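Engineer:
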Amino acid sequence: MVKKFVATVLASALIGGSACAATLNVGTEATFAPFEFMDEKTKEVTGFDMEIIEAVAKATGDKVRLHNMGFDGLIPSLQAGIIDVTVAAMTITPERQKRVDFTEPYYQSGLTILIRKADAAKYTDLKAFEGTRLCAQIGTTGAMMANRVKDAKVTEFNSITEAFMELKAGGCAAVINDKPVVDYYLVRRGDDSVMTLPQVFDAENYGMAVKKGNKALLDKLNEGLKEIKANGEYDRIYAKWFGTKQ
Ligand code: ARG
Numbered sequence: 005m006v007k008k009f010v011a012t013v014l015a016s017a018l019i020g021g022s023a024c025a026a027t028l029n030v031g032t033e034a035t036f037a038p039f040e041f042m043d044e045k046t047k048e049v050t051g052f053d054m055e056i057i058e059a060v061a062k063a064t065g066d067k068v069r070l071h072n073m074g075f076d077g078l079i080p081s082l083q084a085g086i087i088d089v090t091v092a093a094m095t096i097t098p099e100r101q102k103r104v105d106f107t108e109p110y111y112q113s114g115l116t117i118l119i120r121k122a123d124a125a126k127y128t129d130l131k132a133f134e135g136t137r138l139c140a141q142i143g144t145t146g147a148m149m150a151n152r153v154k155d156a157k158v159t160e161f162n163s164i165t166e167a168f169m170e171l172k173a174g175g176c177a178a179v180i181n182d183k184p185v186v187d188y189y190l191v192r193r194g195d196d197s198v199m200t201l202p203q204v205f206d207a208e209n210y211g212m213a214v215k216k217g218n219k220a221l222l223d224k225l226n227e228g229l230k231e232i233k234a235n236g237e238y239d240r241i242y243a244k245w246f247g248t249k250q
């Protein structure tokens, strides 16, 4: 028993090279298909982000332990040391960069506005939403944009799914959210009662975030990202979830 334990420790030390294989405590918020969401069949969190972090961890010789939590809890959990890294379709923003460090961008995104089809004539641009009720997910760039609309009343939901439901129920004029997530929802749910405005707002880049100053982990993650981009893993995962290359 003891021998076996020693052998295992030795083996993992060797595989990890100079640094021992570590367990990465990864934080996410898994209502954000196709980036992170619950697979109804397996009851496990799946998606583009999850496959990217698994591939990065494989490249760096680490293991992933997932922590699913509220989106607004991710940065505080990093700061408290409860998680090591967030992989949560999180946009790199100057405001967040003051609080955490981001890896190189790993996905290019943008915001879109989802409305009920019945309202198509009423809402044609952002200005039309002044004084209306808007829905978004709590703490997201979509919520930030909604809060910049003059006199808008913004309701921030824990999950984006709730925001979609509220829109359908007539509780708000629009949902502001990441375009790839809205597009996925429209196609997957085959929802005919809602549509997006043609404009895409705010070019955004997703990055993984670590606690400010955790340079060792940041360098390691960037190395891993570089490797999976070089060895074709990134492209394979991208094609699986989005069909075409970015
Ligand atoms: N990209 C947006 C942001 O950073 C939304 C991210 C929401 N992610 C999630 N896993 N729910 O604010």
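All residue numbers for the sequence shown refer to my numbering, where the first residue is 5 and numbers rise by one. Just so you know, even glycine gets a beta-carbon here, dropped at the ideal spot from N, CA and C. A quick note: this is a predicted structure, and the numbers were derived from the prediction, not measured.
Whose C-alpha, out of 166, 165, 148, 164, is nearest the C-alpha of residue 158?
Structural biologist: 148
Engineer: Pull up the distance between the alpha-carbon of residue 223 and that of residue 190, whole angstroms please.
Structural biologist: Going by the C-alpha atoms only, they are around 37 Å apart.
Engineer: Have a look at residue 39 and residue 135 and give me their C-alpha separation to the nearest angstrom.
Structural biologist: So the two alpha carbons sit approximately 32 Å from each other.
Engineer: Check whether the stretch 125-134 and the stretch 106-115 touch, using three or more Cβ-Cβ pairs below 8 Å as the test.
Structural biologist: no
Engineer: By DSSP, does residue 84 sit in helix, in strand, or in coil?
Structural biologist: coil
Engineer: Can you give me the Cβ contacts of residue 182 inside the same chain, cut-off strictly under 6 Å, excluding the 5 residues immediately before and after it?
Structural biologist: 113
Engineer: Judging by CA-CA distance, which residue of 198, 65, 193 is the nearest neighbour of residue 120?
Structural biologist: 198
Engineer: Measuring CB to CB, does residue 36 end up less than 8 Å from residue 185?
Structural biologist: yes
Engineer: Work out the CA separation of residue 214 and residue 98 for me, nearest whole Å.
Structural biologist: Whole-angstrom Cα-Cα distance: 15 Å.
Engineer: Quick check: the Cα distance between residue 57 and residue 91, rounded to an integer number of angstroms?
Structural biologist: 7 Å
Engineer: Taking its Cβ as the centre, do 16 or more other Cβ atoms sit within 10 Å of residue 83, making it buried, or is it exposed?
Structural biologist: exposed
Engineer: Give the DSSP-derived three-state secondary structure of residue 137 in the structure shown.
Structural biologist: strand
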